[in-house]
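Take the sequence shown: its position 174, counted from the start at 1, is 174 in UniProt numbering, and no numbers get skipped. By construction, the Cβ of each residue, glycine as well, lies at the ideal position given by its N, Cα and C atoms. Model, not experiment: these values are computed from the prediction. In what follows, a single structure is set out as structure tokens and then discussed.
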Amino acid sequence: MRYFVIEGVDTSGKSTHWNLLATRIQNARINPLSQVNTSYISPNDVIFIQEPSNLPLGKRVRDMILHENITNDDMSRFLLFLAQRAELIQYYKSLPNIVISDRSLISGIAYKGIDSIISIKQALDINLIATRNILPEKIVFLKLSYDEIIKRLKKKMELNNTAKDHIELKGAKYLYDIQLQFEQILQEISLYARSKDININILELDASYSKEILHNEIRLFFGVS
């Protein structure tokens, strides 16, 4: 697979732009391996996936962590997300298609909350074991100012009448600190890629730009239409 990802903290618009690409690309296939019949997938189709995935393990992890609050242990959460990522990559790695993911190992490391236990480099090494050394070929990083995070989080919480998830409850300062983690992780990935002579392209975008401007930038960067 040609593995592309859209990354950013909650409220950055990553899922919005993932969905926008999926609806505007004519040959898009959304989570196709979660369906029974996958024979219709053509090598020219662009596949859209998410983390946590819609595969059996991913669905369970999503419910356990985001809604059931089954564990408050950061290392346990990190390893659960890692397990579903290993399953996801295993399913898609042999396909020739472009695969565009909403979230990736980058979010998995940034949200891990285990900085006092293992370093970013150690977390990256563990992820590489789980994904069989597969890294994204292209990464879009949607970045926000602290003030914009406050504004968007407030709006999201006002519009959301259902129970808030554990990320929303932690607030804007938490999300901004996570965004700083994203930057450090991208630096670590770039260092690793250079040491292994791997070509990884990273596009950092100001997520406060208009939806259409960002969509066109992402579409051109990924080379899809």
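Practice item. Reducing DSSP to helix, strand and coil, say where D206 ends up. Key: strand
Exercise for review: Go ahead and pull the three-state DSSP assignment for E217.
Suggested key: helix
Review point. Given a threshold of 16 other Cβ atoms within 10 Å of its Cβ, counted over all protein chains shown, does P32 qualify as buried or as exposed?
Key: buried
Review point. So, is V36 buried or exposed, given that buried needs 16 or more other C-beta atoms within 10 angstroms?
Key: In this prediction, V36 scores a pLDDT of 47, lower than 50, which makes its location untrustworthy; the coordinate-derived value is nonetheless stated afterwards. Exposed: under 16 other Cβ atoms inside 10 Å.
Point to revise | Contacts around I105, its chain only, beta-carbon distance under 7 Å, and the 5 residues preceding and following it disregarded | key: In the sequence as presented, Ile is not what sits at residue 105; that position holds Leu. R85, N127, T131, listed in sequence order.
Practice item. Give the DSSP-derived three-state secondary structure of V5 in the structure shown. Key: strand
Check your understanding: Relative to the C-alpha of R29, which residue among K211, I100, H17, M64 is closest?
Key -> I100
Review point. Looking only at DSSP bridge pairs, what is S101 linked to?
Key: V5, I49
Review point. Looking only at its own chain, which residues have a Cβ that is under 6 Å from the Cβ of I98, when we skip the five neighbours before and after it?
Key: R2, V46
**Study point:** Presumed contact (8 Å Cβ cut-off) between I198 and L95, rounded CB distance
**Key:** In fact, because the Cβ distance is near 20 Å, the residues do not count as touching under 8 Å.
Exercise for review: Tell me where the beta strand (DSSP E) around K143 begins and ends.
Suggested key: 138–143
Review point. Which term fits Y209, buried or exposed, when burial requires 16 or more other beta carbons within 10 angstroms of its beta carbon?
Key: exposed
Practice item. State the CB to CB distance for the pair E188 and L124, rounded to an integer number of angstroms; the pair is presumed to be in contact (CB under 8 Å). Key: 6 Å
Review point. Looking at C-alpha atoms only, which residue of G13, E7, W18, E137 is the closest neighbour of R219?
Key: Closest in alpha carbon position to R219, among G13, E7, W18, E137, is W18.
Check your understanding: Whose C-alpha, out of L57, I202, E51, Y146, is nearest the C-alpha of Y111?
Key -> E51
Practice item. Within the stretch 57–129, note down every full beta strand (DSSP E) run reaching 3 residues or more, in order along the chain. Key: 98–102
Check your understanding: If you run the structure through DSSP and keep just helix, strand and coil, what is N201?
Key -> strand
Point to revise | Environment of Y92 [buried if 16+ CB atoms lie within 10 Å] | key: It counts as buried.
Check your understanding: By how many angstroms is the C-alpha of E158 removed from the C-alpha of residue 226?
Key -> Residue 226 lies beyond the residue range present for the chain, which begins at 1 and ends at 225; the question has no answer from this structure.
Exercise for review: Evaluate contact between the stretch 73–81 and the stretch 145–157, counting only Cβ atoms and requiring at least three cross-stretch pairs below 8 Å.
Suggested key: no
Review point. Using CA coordinates, which residue listed in Q181, I149, V140, T11 is at the minimum distance from S119?
Key: Q181
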